[in-house]
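Trainee: According to the numbering used here, the sequence shown is numbered sequentially starting from 41.
The beta-carbon is built from N, C-alpha and C at its ideal position, and this holds for glycine as well.
None of these values were measured; they are calculated from a predicted model.
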Amino acid sequence: MKKNTPTILILLIIAFIYPGMNTLAQSHFVHPGVLHSLASLDNIYNAVQNKTEPQYGSYKLLEENPLAQADYKMKGPFKIIARDGEFKYTKPKMEADFSAAYLNALMWAATKKEVYAKKSLKILEAYADSLQLIPPTNDAPLLAGLEGIKIVNAAEILRYTYKGITSAQVEKIRKMLVKVFLPVCNDFYNRAPYTNGNWGAAVTNMYIGSAVFLDDRQMYKKAVNFYLNAYDNGNIKHYIDDVIGQVQESGRDQIHTMLGIGCLASTCEIAYNQGDDLYGAYNNRLLLGFEYVAKYNLGYDVPFQTYKEVTGKYSNLSKISDKDRGMLIPIYQMVYNHYVSIKGLQMPYTAQMVAKMQPEGFDSAHTGFGTLLFYGNSNH
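Next comes the structure, spelled out in structure tokens:
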């Protein structure tokens with residue numbers, strides 16, 4: 041019994057510091073287990089086969105999306121991709137291709153029609169065979185984060201549910217992530233904080249997803265540590281105020297604010313699929329932020345205070361921004377499902393936003409289709 045005492049004490053200390061969060065106790069990764077567990081994929085398939093509402097309405101939006109078609113025509117692949125700079129012409133094309141890879145993987149999961157799996161895999165393999173570089177432009181971390189997670193989610197679904205994928209194809213995708221995308225993420229982590237919080241949130245979302253896909257425990261711990269402890273605007277403590285729920289970018293505009301909390305939520309969902317409750321960290325801080333954002337974008341007044349953020353570059357905003365106010369971005373169903381349907385907590389303004397948007401559809405910067413993917417999903 042004495043031998044176990046130090047370990048028990050350490051676990052108790054961690055649980056005290058990060059209330060509501062399980063310790064990183066699992067020694068192995070659950071697969072599929074990036075954004076979608078096997079149980080959740082089964083729920084998607086069953087809802088579609090039974091035409092269960094409201095999930096089926098969200099599926100119809102997916103089915104009709106041009107990027108979710110088995111005959112989608114690739115715009116690439118490219119050797120070099122970028123959002124800005126010399127190669128910015130690749131931005132809309134590669135974003136569409138990576139979205140198509142993910143959406144076709146979802147169509148495969150929803151229908152079990154092999155044509156969708158083949159299309160998704162064809163896109164992933166084409167880029168794995170061609171892509172060599174994300175140049176160090178200003179927006180490189182955003183590209184790696186926002187587009188990389190699409191690749192990881194698609195690849196994880198195919199790897200563990202589609203028998204037609206080979207180990208050689210998986211290895212190609214792995215090398216693309218390791219050699220092209222993850223170095224950009226590591227460069228971001230190694231720099232002093234310099235950006236608004238949605239950057240760190242996007243990078244960490246991609247990083248934790250890649251950790252699961254690659255079965256890399258150290259990467260996983262690094263992502264969790266960034267979410268909980270990093271001195272960066274993209275850390276949960278620095279991005280969302282602990283009293284009123286104001287978000288670091290609330291004084292900037294609403295679309296970037298929703299981008300940030302959406303990426304944080306995706307990180308939490310991935311961790312939850314691995315048995316770690318980042319959702320509950322710091323007394324459900326993410327819930328507080330979602331309620332603040334939902335309330336303001338529904339047209340209600342919210343309190344605002346000048347935010348002393350990490351870099352010092354964005355600390356002079358004296359009022360909340362109404363730019364993009366009221367935009368309906370599909371980020372709410374997933375967190376509502378977790379906090380309300382699973383944990384039984386209250387999210388009255390998020391509930392209004394869910395009702396207003398249902399069924400959720402597509403968004404190029406977010407997972408989207410939350411009504412199909414997460415409604416009623418209690419099987420983690």
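Which partner residues of Val74 appear in the DSSP bridge assignment?
Mentor: Here residue 74 refers to the residue found at position 34 when the sequence shown is read from its first residue. Paired residue(s): none; Val74 is not in a bridge.
Trainee: Report yes if the C-beta distance between Tyr260 and Asn324 is below 8 Å; otherwise report no.
Mentor: Counted from its first residue, the sequence shown places residue 260 at position 220. Counted from its first residue, the sequence shown places residue 324 at position 284. Contact: no.
Trainee: For a quick check, are the C-beta atoms of Ala168 and Ile213 less than 8 Å apart?
Mentor: For the purposes of this step, residue 168 is taken as the residue at position 128 of the sequence shown. For the purposes of this step, residue 213 is taken as the residue at position 173 of the sequence shown. Contact flag set, yes.
Trainee: Have a look at Leu183 and Met387 and give me their C-alpha separation to the nearest angstrom.
Mentor: Within the sequence shown, numbered from 1, the residue matching residue 183 stands at position 143. Within the sequence shown, numbered from 1, the residue matching residue 387 stands at position 347. Answer to the nearest angstrom: the Cα atoms are 32 Å apart.
Trainee: Which residues does DSSP list as the beta-bridge partners of Ile120?
Mentor: Here residue 120 is taken as the residue at index 80 of the sequence shown, counted from 1. Answer is Leu173.
Trainee: Can you say whether Tyr340 is buried or exposed, counting buried as having 16 or more other CB atoms within 10 angstroms of its CB?
Mentor: Taking the sequence shown and counting its residues from 1, one reaches residue 340 at position 300. So Tyr340 ends up on the exposed side.
Trainee: In its own chain, which residues sit with a C-beta less than 8 Å from the C-beta of Gly401, not counting the 5 before and 5 after it?
Mentor: Within the sequence shown, residue 401 is the residue found at index 361, counting from 1. Once the five neighbours on either side are set aside, the close Cβ partners of Gly401 are Ser98, Leu101, Leu102, Asn105, Pro370, Gly408 and Phe409.
Trainee: In chain order, which continuous runs of the beta strand (DSSP E) of length 3 or greater are located wholly inside the region 79–129?
Mentor: none
Trainee: Is Asp403 buried or exposed, if buried means 16 or more other CB atoms sit within 10 Å of its CB?
Mentor: The residue labelled residue 403 in the question sits at position 363 within the sequence shown. The C-beta of Asp403 has 16 or more other C-beta atoms within 10 Å across all chains shown, which makes the residue buried.
Trainee: Please return the same chain residues whose Cβ sits closer than 7 Å to the Cβ of Ala405, not counting the five positions on each side in sequence.
Mentor: In the sequence shown, counting from the first residue as 1, residue 405 sits at position 365. Closer than 7 Å at Cβ, skipping near neighbours: Leu186 and Leu299.
Trainee: In chain order, what residues of the same chain have a beta carbon less than 6 Å from the beta carbon of Phe414, not counting five sequence neighbours either side?
Mentor: Here residue 414 refers to the residue found at position 374 of the sequence shown. Correct list, in chain order: Gln373, Met374 and Asn377.
Trainee: Taking 8 Å as the threshold, find out whether the region 286–302 comes into contact with the region 169–177 through three or more Cβ pairs.
Mentor: no
Trainee: Just to confirm before moving on: does the CB-CB distance between Ala428 and Thr390 stay below 8 Å?
Mentor: Since the first residue of the chain shown is 41 and the last is 420, residue 428 is not available in this structure.
Trainee: Helix, strand or coil for Ile280 per DSSP?
Mentor: The residue given as residue 280 occupies position 240 in the sequence shown. Three-state result, Ile280: strand.
Trainee: Helix, strand or coil: how does DSSP classify Val350 here?
Mentor: In the sequence shown, residue 350 corresponds to position 310, counting from 1. Coil, per DSSP.
Trainee: Assign His296 to buried or exposed, taking buried as 16 or more other Cβ atoms, counted over all protein chains shown, within 10 Å of its Cβ.
Mentor: Position 256 of the sequence shown, counted from the first residue, corresponds to residue 296. Classification of His296: buried, given that the 10 Å Cβ count is 16 or more.
Trainee: Can you check the region 210–285 for any alpha helix (DSSP H) of at least 4 residues that lies completely inside it and give the ranges in chain order?
Mentor: For the region 210–285, whole alpha helix (DSSP H) runs of length 4 or above, ordered along the chain, are 222–230, 237–254, 257–269 and 276–279.
Trainee: Short check: CB of Leu412 to CB of Ile84, under 8 Å?
Mentor: Walking along the sequence shown from the start, residue 412 turns up at place 372. Walking along the sequence shown from the start, residue 84 turns up at place 44. Yes. Within cutoff.
Trainee: For Ser80 and Gly125, what's the separation of their Cα atoms in angstroms?
Mentor: Residue numbering aside, residue 80 sits at position 40 when the sequence shown is read from its first letter. Residue numbering aside, residue 125 sits at position 85 when the sequence shown is read from its first letter. Computed Cα separation, rounded: 39 Å.
Trainee: What is the residue span of the alpha helix (DSSP H) that Met298 lies within?
Mentor: For the purposes of this step, residue 298 is taken as residue 258 along the sequence shown, with counting starting at 1. If you look at Met298, you'll find it in the alpha helix (DSSP H) that goes Gln294 to Asn313.
Trainee: Using a 10 Å radius around the Cβ and a threshold of 16 neighbouring Cβ atoms, would you call His68 buried or exposed?
Mentor: On the sequence shown, position 28 is the one that residue 68 refers to. His68 should be labelled exposed.
Trainee: According to DSSP, which residues form a beta bridge with Val287?
Mentor: For the purposes of this step, residue 287 is taken as residue 247 along the sequence shown, with counting starting at 1. Val287 is bridged to Ile280.
Trainee: With a threshold of 16 other CB atoms inside 10 Å of the CB of Asn417, please say whether the residue is buried or exposed.
Mentor: As a working mapping, residue 417 is identified with position 377 in the sequence shown. Asn417 should be labelled buried.
Trainee: If you follow the alpha helix (DSSP H) that Lys396 is in, where does it begin and where does it stop?
Mentor: Your numbering for residue 396 matches position 356 in the sequence shown. Lys396 -> alpha helix (DSSP H) spans Pro388 to Met397.
Trainee: With distances taken from CA atoms, which of Lys359, Ile163, Tyr142 and Ile280 is nearest Leu75?
Mentor: For this step, residue 75 is matched to residue 35 along the sequence shown. Cα-wise, what sits closest to Leu75 is Tyr142.
Trainee: For Lys215 and Ala166, what's the separation of their Cα atoms in angstroms?
Mentor: In the sequence shown, counting from the first residue as 1, residue 215 sits at position 175. In the sequence shown, counting from the first residue as 1, residue 166 sits at position 126. So the alpha carbons of these two residues sit roughly 13 Å apart.
Trainee: Do you know offhand how far Lys262's Cα is from Ser160's?
Mentor: The count along the sequence shown starts at 1 and reaches residue 262 at position 222. The count along the sequence shown starts at 1 and reaches residue 160 at position 120. So the alpha carbons of these two residues sit roughly 29 Å apart.
Trainee: Please list the terminal residues of the continuous alpha helix (DSSP H) segment that includes Asp137.
Mentor: Numbered from 1 along the sequence shown, position 97 holds the residue referred to as residue 137. Here the alpha helix (DSSP H) through Asp137 covers Lys131 to Thr151.
Trainee: Could you give the distance in angstroms between the alpha-carbon of Leu327 and the alpha-carbon of Tyr319?
Mentor: Position 287 of the sequence shown, counted from the first residue, corresponds to residue 327. Position 279 of the sequence shown, counted from the first residue, corresponds to residue 319. Cα-Cα distance, rounded: 8 Å.
Trainee: Per DSSP, what kind of secondary structure is Gly410 in: helix, strand or coil?
Mentor: Within the sequence shown, the letter at position 370 stands for residue 410. Three-state DSSP puts Gly410 in a helix.
Trainee: Using CA coordinates, which residue listed in Ala311, Lys115 and Arg123 is at the minimum distance from Leu164?
Mentor: Along the sequence shown, one-based indexing puts residue 164 at 124. When each option's Cα is compared against that of Leu164, the closest is Lys115.
Trainee: Buried or exposed: where does Ser358 fall if 16 or more other Cβ atoms within 10 Å of its Cβ makes it buried?
Mentor: Numbered from its first residue, the sequence shown carries residue 358 at position 318. Its Cβ having fewer than 16 others within 10 Å, Ser358 is exposed.
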